[in-house]
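**Student:**
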Amino acid sequence: MSVEAEIRTKLLDAFDPVHLDVTNESHLHSVPPGSESHFKLVIASERFEGERLLGRHRLVNKALAGELAGPVHALAIHAVTPDEWFRTAGTSPDSPLCHGGSKVDGT
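As structure tokens, this is what we get:
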């Protein structure tokens with residue numbers, strides 16, 4: 001199973017989200033083609049009710065501990081409640097540009 005599929009499966013099981021989007025953004029970084037090392041995660045779940053941002057991130061990190069200890073180098077987490085998700089019309093911020101070892105600057 002791909003890393004992306006593993007992430008999706010674990011998050012579906014752990015959070016029963018009303019929205020889940022897992023995007024492999026590895027191609028935006030200086031990694032070999034086909035890499036699965038950089039991901040953006042947008043998840044809306046009732047499990048985040050009453051949790052502050054740090055707590056939400058800790059819950060996601062715990063669910064994905066194996067992937068974060070291994071193949072995943074970077075994970076942009078956007079964890080919201082269902083109400084927050086619907087109030088923002090289902091939008092999330094773009095991931096920041098890669099500034100380390102960039103293909104763009106030749107380093």
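When we follow the working numbering, the leftmost residue of the sequence shown carries the number 1, and every step to the right adds one. Yeah, the Cβ is synthetic: ideal placement off N, Cα and C, and Gly gets one too.
1. Taking the straight line between their C-alpha atoms, what separation do you get for V18 and P82?
2. Using the C-alpha atoms, what's the distance from S45 back to S37?
3. Work out the CA separation of L20 and D109 for me, nearest whole Å.
4. For the alpha helix (DSSP H) containing V72, name the first residue and the last one.
5. For N61, which residues in the same chain have their Cβ closer than 7 Å to its Cβ, ignoring the five residues on either side in sequence?
6. Compare the beta carbon distance of V22 and V72 with 8 Å and say whether it is the shorter of the two.
7. Can you give the beta carbon distance from K10 to E25, rounded, assuming they're within the 8 Å contact cut?
**Tutor:** Straight from the coordinates:
1. Each residue's Cα considered, the two are about 7 Å apart.
2. Per the coordinates, the alpha-carbon of S37 lies some 24 Å from the alpha-carbon of S45.
3. Not covered by the structure: residue 109. The range shown for the chain is 1 to 107.
4. V72 -> no alpha helix (DSSP H), and no H or E assigned at all.
5. These residues qualify, in order along the chain: L68.
6. For the 8 Å CB-CB criterion, V22 and V72 do not form a contact.
7. At roughly 18 Å, the Cβ-Cβ gap does not stay under 8 Å, so K10 and E25 are not in contact.
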